[in-house]
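In what follows, a single structure is set out as structure tokens and then discussed.
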Amino acid sequence: MEKSNQAIKVFVSSVIPTVGTDLLKAAGFTVSTWDNLTPIPRNILLGKAKESNALLATLTGRLDATFMDECKHLDVISNFGVGYDNIDIAAATSQGIQVGNTPGVLTDATADVAFGLMIAASRKMFYMHKKILEGNWKHFTPTENLGIELKNKTLGIFGLGRIGIEMAKRCKGSYNMKVIYHNRKRNTAAEELLNAKYVSFSELLQQSDVLSVHSAFTEDVRGIFDKAAFDQMKPASIFINTSRGGVHNEQDLIDALNNRKIWGAGLDVTNPEPMQKDNPLLNMDTVAILPHIGSATEEARNGMSRLAAENIIGFYQNGKVPNLVNPQVLQE
């Protein structure tokens, strides 16, 4: 950290809004960027990282233990996103690498997508739009194209953090929905704010009319929404996931919808990504799917770019990443 900023090389592994790269350049760093819109190949990412002091990474590259072992010289990795399941945090910590993320700035954008998916699934909007594009416009038919209403229903939140709270605010304000939630730890402040009730995981499944997933993706939640979970849900319930596709078992979700264990689903994340074009979910009338665009607003992406850059700048100015996700590295 005693070297001049100009001697500090930062590699940006994807095309990002120029807000962040401009900040890094203004701070005097030598910045290079992967300028291709296609994901960077691993061998090139590894080579560029080996030549750099800091890495501004995106979700498209897996930074595993092997990567950390070969890039142990890195001072800091700043992840363009609030989630960081693309990074082996334990491996980074063992190598003394500080890792940062970009929380807060994408909260509203992601909550808006979850809210929109809920409405779209409940009224079969995506499916109806597809039918119009196919030339299959149906006039008013009293018993067809029927959705379900959301007013006064129960919203279940799995992971009541920043985004989950904003989703709950939207649902309470627009539809007077009752809020229940399940976290690893109770969020008493959110309970007071939303008049929310903490419940067990089984109770969340059994009581929710809309179940919206907003948890961080960790190994203990991988595939937690599986056949056993969907079997406990209400037949008229809607499953929403804007977290990570790995939280749900996609085949079990398909089966649950086909067998009417649940009514519908809204997904901004799939398992795997990208979703194959022949996936049965794409042809279900009560399913709405988006290609992982939760943070895709100009405001959110500019904010993410700024925070990602500030993580790197903050490290070299103060010795600590402002949005540090592995504070234990400071004790190594």
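The numbers in our numbering rise by one with no breaks, and the one at position 37 of the sequence shown is 721.
From the three backbone atoms N, C-alpha and C, an ideal C-beta is built for every residue, glycine too.
Check: Best match in Thr777, Gly998 and Ile803 for proximity to leucine 839 [C-alpha to C-alpha]; Outcome: Ile803
Check: Close beta carbons around threonine 981, own chain, < 7 Å, minus the five adjacent residues each side; Outcome: Ala793
Check: Rounded C-alpha distance that separates lysine 808 from asparagine 829; Outcome: 7 Å
Check: DSSP beta-bridge partners of alanine 992; Outcome: According to DSSP, which records beta bridges pairwise, alanine 992 is partnered with nothing at all.
Check: Local Cβ density within 10 Å of threonine 872, reported as buried at 16 or more and exposed below that; Outcome: exposed
Check: CA nearest to the CA of alanine 805, picked from Lys911, Gln1015, Val1009 and Leu965; Outcome: Leu965
Check: Serine 762 - partner residues in DSSP beta bridges; Outcome: Leu740 and Gly784
Check: Spatial neighbours of glutamate 833 in its chain, beta-carbon cut-off 7 Å, leaving aside the 5 residues before and after; Outcome: none
Check: Cutoff 7 Å; reference isoleucine 841; Cβ partners in own chain excluding five residues on either side; Outcome: Gly848, Met851, Ala852, Val863, Tyr865, Ser896 and His898
Check: Start-to-end residues for the alpha helix (DSSP H) that takes in leucine 801; Outcome: 791-806
Check: Proximal residues to alanine 670 (C-beta, below 7 Å), its chain only, five neighbours per side dropped; Outcome: Past the boundaries of the shown model lies residue 670; the chain is included only from 685 to 1016, so the question cannot be answered.
Check: Identified DSSP bridge partners for phenylalanine 1074; Outcome: With the chain represented from 685 up to 1016, any question about residue 1074 goes unanswered, as that position is not in the structure.
Check: According to DSSP, residues forming a beta bridge with phenylalanine 824; Outcome: Paired residue(s): none; phenylalanine 824 is not in a bridge.
Check: Close Cβ partners of proline 826 (< 6 Å) along its chain, the five nearest in sequence each way excluded; Outcome: none
Check: 7 Å Cβ shell around methionine 685 - same chain, five flanking residues per side excluded; Outcome: Unreliable placement is indicated for methionine 685, whose pLDDT of 46 sits below 50; the coordinate value is still reported in the next sentence. Within the same chain, methionine 685 has close Cβ partners Tyr1000 and Gly1003.
Check: Member of Thr714, Asp904, Leu844 and Tyr859 whose CA lies at the smallest distance from the CA of glutamate 876; Outcome: Leu844
Check: Residue nearest to glutamate 983 in terms of C-alpha spacing, selected from Thr791, Asp915 and Phe885; Outcome: Thr791
Check: Distance between leucine 941 and proline 725 (C-alpha atoms, nearest Å); Outcome: 37 Å
Check: Local conformation of valine 1005 per DSSP, three classes; Outcome: coil
Check: Delimiting residues of the beta strand (DSSP E) encompassing phenylalanine 885; Outcome: That residue, phenylalanine 885, is in no beta strand (DSSP E); its alpha helix (DSSP H) goes 885-891.
Check: Whether isoleucine 781 touches valine 1009 by CB criterion (8 Å); Outcome: no
Check: Secondary structure of aspartate 710, DSSP reduced to three states; Outcome: The displayed chain sequence assigns alanine, not aspartate, to residue 710. Alanine 710: helix per DSSP, three-state reduction.
Check: Assigned exposure category for serine 697 - 16 Cβ within 10 Å defines buried; Outcome: buried
Check: 8 Å Cβ cutoff met for leucine 801 and asparagine 770; Outcome: no
Check: For lysine 693 and glutamate 735, the rounded distance between their alpha carbons; Outcome: 8 Å
Check: contact_flag[the segment 775-789, the segment 909-923] where n(CB pairs < 8 Å) is 3 or more; Outcome: no
Check: Closest by C-alpha distance to glycine 857, when choosing among Lys837, Asp706 and Lys869; Outcome: Lys837
Check: Own chain, CB closer than 7 Å to alanine 874, minus 5 neighbours either side, in chain order; Outcome: Leu844, Ile849 and Ala880
Check: Residues sharing a beta bridge with tyrosine 882, DSSP; Outcome: Tyr865
Check: Per-residue DSSP class, three states only, for leucine 747; Outcome: strand
Check: Rounded Cβ spacing between serine 926 and valine 953 (contact assumed at less than 8 Å); Outcome: The amino acid occupying residue 926 in the given sequence is threonine; serine does not appear at that position. At roughly 6 Å, the Cβ-Cβ gap stays under 8 Å, so threonine 926 and valine 953 are in contact.
Check: Cβ-based burial, glycine 950 [other Cβ within 10 Å; buried from 16]; Outcome: buried
Check: Buried or exposed by the 16-neighbour rule on C-beta atoms within 10 Å, applied to asparagine 860; Outcome: exposed
Check: Own chain residues within Cβ distance below 6 Å of cysteine 678, not counting five before or after; Outcome: No answer is possible for residue 678: it lies beyond the span of the chain, which begins at 685 and ends at 1016.
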